[in-house]
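2 protein chains.
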Amino acid sequence: MATGPAGSRAPTLSTVAAAAGVSRQTVSNALNNPELLRPDTLARVRAVIDELGYTPNRAARQLRTRTSRLIGLRVDGPGDTADNASMDRFLHALVEAMARTDHHLLLFSGDPRDPLDGYEDLLRSTAVDAFVVTDTYAGTPQAPFLQERGAPFVTFGRPWELPDADWAWVDIDGAAGLHAATEHLLAVGHDQIAWLGWDRGSRLSEDRRSGWESALVGAGGDPEGRTARIGADDVDAARRAAHAQLDAGATAFACAGDTLGIGVLHALAERGLRPGVDVGVVGFEDSLAAQLAWPGLSSVRPPVEDVAAELVSLIHRVLAGDPLGERGTMLTPSLVIRRSSSR
Amino acid sequence: MATGPAGSRAPTLSTVAAAAGVSRQTVSNALNNPELLRPDTLARVRAVIDELGYTPNRAARQLRTRTSRLIGLRVDGPGDTADNASMDRFLHALVEAMARTDHHLLLFSGDPRDPLDGYEDLLRSTAVDAFVVTDTYAGTPQAPFLQERGAPFVTFGRPWELPDADWAWVDIDGAAGLHAATEHLLAVGHDQIAWLGWDRGSRLSEDRRSGWESALVGAGGDPEGRTARIGADDVDAARRAAHAQLDAGATAFACAGDTLGIGVLHALAERGLRPGVDVGVVGFEDSLAAQLAWPGLSSVRPPVEDVAAELVSLIHRVLAGDPLGERGTMLTPSLVIRRSSSR
DNA sequence: CGCTAGGATTGGAACGATCAAGTGGTCCGG
DNA sequence: CCGGACCACTTGATCGTTCCAATCCTAGCG
Chain A
190 MATGPAGSRA
200 PTLSTVAAAA
210 GVSRQTVSNA
220 LNNPELLRPD
230 TLARVRAVID
240 ELGYTPNRAA
250 RQLRTRTSRL
260 IGLRVDGPGD
270 TADNASMDRF
280 LHALVEAMAR
290 TDHHLLLFSG
300 DPRDPLDGYE
310 DLLRSTAVDA
320 FVVTDTYAGT
330 PQAPFLQERG
340 APFVTFGRPW
350 ELPDADWAWV
360 DIDGAAGLHA
370 ATEHLLAVGH
380 DQIAWLGWDR
390 GSRLSEDRRS
400 GWESALVGAG
410 GDPEGRTARI
420 GADDVDAARR
430 AAHAQLDAGA
440 TAFACAGDTL
450 GIGVLHALAE
460 RGLRPGVDVG
470 VVGFEDSLAA
480 QLAWPGLSSV
490 RPPVEDVAAE
500 LVSLIHRVLA
510 GDPLGERGTM
520 LTPSLVIRRS
530 SSR
Chain B
190 MATGPAGSRA
200 PTLSTVAAAA
210 GVSRQTVSNA
220 LNNPELLRPD
230 TLARVRAVID
240 ELGYTPNRAA
250 RQLRTRTSRL
260 IGLRVDGPGD
270 TADNASMDRF
280 LHALVEAMAR
290 TDHHLLLFSG
300 DPRDPLDGYE
310 DLLRSTAVDA
320 FVVTDTYAGT
330 PQAPFLQERG
340 APFVTFGRPW
350 ELPDADWAWV
360 DIDGAAGLHA
370 ATEHLLAVGH
380 DQIAWLGWDR
390 GSRLSEDRRS
400 GWESALVGAG
410 GDPEGRTARI
420 GADDVDAARR
430 AAHAQLDAGA
440 TAFACAGDTL
450 GIGVLHALAE
460 RGLRPGVDVG
470 VVGFEDSLAA
480 QLAWPGLSSV
490 RPPVEDVAAE
500 LVSLIHRVLA
510 GDPLGERGTM
520 LTPSLVIRRS
530 SSR
């Protein structure tokens, strides 16, 4: 592979064709439809390609085939709830998964006040082949918009508001995660397990809560009076809510997010109660904060790597026009147990 | 702005030209060199552009102008030290800054064992105009490689190993950050301020340490015997190191990272010492973990938004071929004071 | 030996934009 | 009344690839 001096232009199909003594089209076929070439020709062309260090020009290919091998993802500023903590892991997994089929991720932004901003321009300029939409939980309008627009996309997040929406989605089963977390707390011997989540309006929180409730009821417990909901993802509000529940006799906490779980840990610290030993706590997200919190916050870990892989696989099916039997895939998170819930 | 039925093709220059009764080139000029058109023609063309919802095809433009308006950034898996905590903020700021000049960020990945993997392909296929390289602190080979290759790039991180490297870079002045942090601890009344950092091999850590040292010496303190270095970014190792320093009489800690600072908080909790009141602690990164740690970890906050803006500005200058006077820009971080260092 | 089927290979056109070199018209000094 | 400068706009070529419709070659058959 020769890199060539900086000034000279990169080799093109014609360059390679001339050097190999074949036509442009044959070189193109060597890359895209090798089975059309006679083995010896193929070998010869490939040798020249390697020698010259030829790589097809993406722009030309994109222009001709009307496909960019780019997937768009809008990144919104901080200010969202929890989720951002796993964004890194998710992005990396997504990029990795896409690389396997020579696709790349294009990040764009938009006016925070307009959730649709940015999509239209990329579509019209044929800059991306499809989108990954990540924040459907609040019933945001991106998915319906893209669907009506005829644009390929997949979402990370189920269509809460539209139960029979027929687009491809992947989501994390928060209910299953909290069911497991709650059963774990029960197994360790806690019986007064409180729920600490966000406002009733948060689908995410209510979904997770349903897992707590089902596990609790399954063990003969009573969810009434053991539910605390706070407005924002705020440690201090969580700490106060925890105090109230502790006063009311709670011996463990299942939380909608790590921030809340850490708020509980703060309350315990103020009372001199030992996390894990005296009171069990489990959060959700497995953020760095959960790992570093003293003495380690058990947490439901969203399998974002699997989500990414599944999303990419769905994208390919959508782009290929394959009919997808099941529209959605629900992935079960795992539980990372730390000292906040072990005795 | 009409979106048009999903099946019909997007309007092109010719479409618009025909509708406006002018030539392709005139429409092109209306977008790229509006000052060449007569005001009335310009208005008419613009009206048609809006009406048809025309957006230039990126592939065609890219092919002709040899410029993609995409900037590449390789995202590496987790496993790096600290830094990742601010990655979200940084990425978002970068995307925002690039959007202002209609540029987008393209994420790619590569074999973790080969720091150069991925760059070459994108260059050869003319997929990106330039790169942002983020992990130069370890003396990684990307920058020299790209420079020799004649590829435009900027780095987030100064050229530690190559003091007179002449590429464009931006970095955060860790020494200044720790100088301020240490002076703050002194001002609050601590005089036995220990340094807790990573191994001597970490440039990042040693740079920050120099800020602690200069502030300490400036106040008549003695850095000898007050320095602890641990091998990894590990809470538990930090906790143990903190115990040792507390035994040796330390009353405050300046740390190379938040993880270390949180380790100190753990040690204090184990001894029943009150953070801020009895012992002061300051971390670095202002990660979510620092915000949530009990009772709030003061931290040096890297101005990644400014870094992103400056990087983008440098990219433009590099791409325009402008001679850049100063190769590098050093940005001063701010100090976020929380209860771990207030009395 | 001519003819044909089929695979291997080729050449021209097209994708949609910009570049470079025009075109015709108007204005103005000489 | 001519020639050149300038303005506003147009035309043809081009970027590098893939699509499409040939064309060439080879082997097999009658």
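Order-wise, the sequence lines are chains A and B. Each number in our numbering comes from the position in the first sequence (counting from 1) with 189 added on. Each number in our numbering comes from the position in the second sequence (counting from 1) with 189 added on. We treat Cβ as the ideally placed atom computed from N, Cα and C, and that holds for glycine.
By the neighbour-count definition (other C-beta atoms within 10 Å, threshold 16), proline 348 of chain B is a buried residue. Straight through space, the alpha carbons of aspartate 423 of chain A and alanine 370 of chain B are spaced by roughly 26 Å. Below the 9 Å Cβ cutoff, chain B contributes no neighbours of histidine 432 of chain A, its closest Cβ being approximately 14 Å away.
Per DSSP, arginine 263 of chain A is not a residue of any alpha helix (DSSP H); the beta strand (DSSP E) it occupies stretches across 259 to 263. By the Cβ neighbour-count rule, aspartate 277 of chain A is buried, with 16 or more other Cβ atoms within 10 Å of its own. Interface flag for histidine 281 of chain B against chain A is set, since a Cβ pair is found closer than 7 Å. The Cβ neighbour count for glutamine 434 of chain A, taken over all protein chains shown within 10 Å, is at least 16; the residue is labelled buried. Close partners of phenylalanine 334 of chain B in chain A (Cβ separation under 7 Å) are lacking, with about 10 Å as the shortest Cβ gap.
Neighbours of aspartate 310 of chain A in chain B, taken as residues whose beta carbon is under 8 Å from its own, are Thr244 in chain order.
What threonine 448 of chain A touches in chain B, judged by beta-carbon distance under 7 Å, is Leu481, going in chain order.
Exclusion of the five residues before and after leucine 294 of chain B leaves Ile260, Leu262, Leu283, Val284, Met287 as the residues of its chain whose Cβ lies within less than 7 Å of its Cβ. Under a criterion of Cβ atoms nearer than 8 Å, the residues of chain B adjacent to valine 264 of chain A are, in order, Leu280, His281, Val284.
Under the three-pair Cβ rule at 8 Å, the segment 435 to 446 of chain B counts as touching the segment 468 to 484 of chain B. Taking a 10 Å sphere around the C-beta of serine 391 of chain B, we find 16 or more other C-beta atoms and assign the residue as buried.
When C-beta distances to chain A are compared with 7 Å, every residue of the segment 498 to 512 of chain B stays at or above that value. Aspartate 396 of chain B counts as buried, since at least 16 other C-beta atoms from the protein chains shown sit within 10 angstroms of its C-beta. In this structure, valine 496 of chain A places its C-beta atom within 7 Å of the C-beta atom of leucine 520 of chain A.
A Cβ of chain B is located within less than 7 Å of the beta carbon of leucine 252 of chain A.
Around asparagine 273 of chain A, the beta-carbon contacts reaching into chain B at under 8 Å are Asp277. In its chain, beyond the 5 residues on either side, Ile382, Ala441, Ala443, Gly469, Val471, Ser530 have a beta carbon closer than 7 Å to the beta carbon of leucine 374 of chain B. For phenylalanine 297 of chain B, the nearest CB of chain A lies under 7 Å from its own CB, placing it at the interface with that chain.
Note on aspartate 388 of chain A: under 16 other CB atoms within 10 angstroms of its CB, so exposed under the neighbour-count rule. Arginine 418 of chain B: member of the beta strand (DSSP E) spanning 416 to 419, first to last residue. Against chain A, a Cβ distance below 8 Å from isoleucine 526 of chain B picks out nothing, because the smallest value is about 17 Å.
Check the Cα spacing between glutamate 240 of chain A and each of A:Arg227, A:Val216, A:Val205, A:Arg253: the tightest is with A:Val205. Counting along the chain, no alpha helix (DSSP H) covers aspartate 362 of chain A, and no H or E run does either.
Here tryptophan 384 of chain A carries a strand assignment [DSSP, helix/strand/coil]. Classified as buried, leucine 503 of chain A has 16 or more neighbouring CB atoms from the shown chains inside 10 Å of its CB. For the segment 451 to 464 of chain A, the set of residues with a beta-carbon nearer than 8 Å to any beta-carbon of chain B comprises Ile451, Leu454, His455, Ala458, in chain order. Within the segment 367 to 385 of chain B, no residue has a Cβ lying closer than 7 Å to any Cβ of chain A.
In the three-state reduction of the DSSP assignment, arginine 490 of chain A falls in the strand class.
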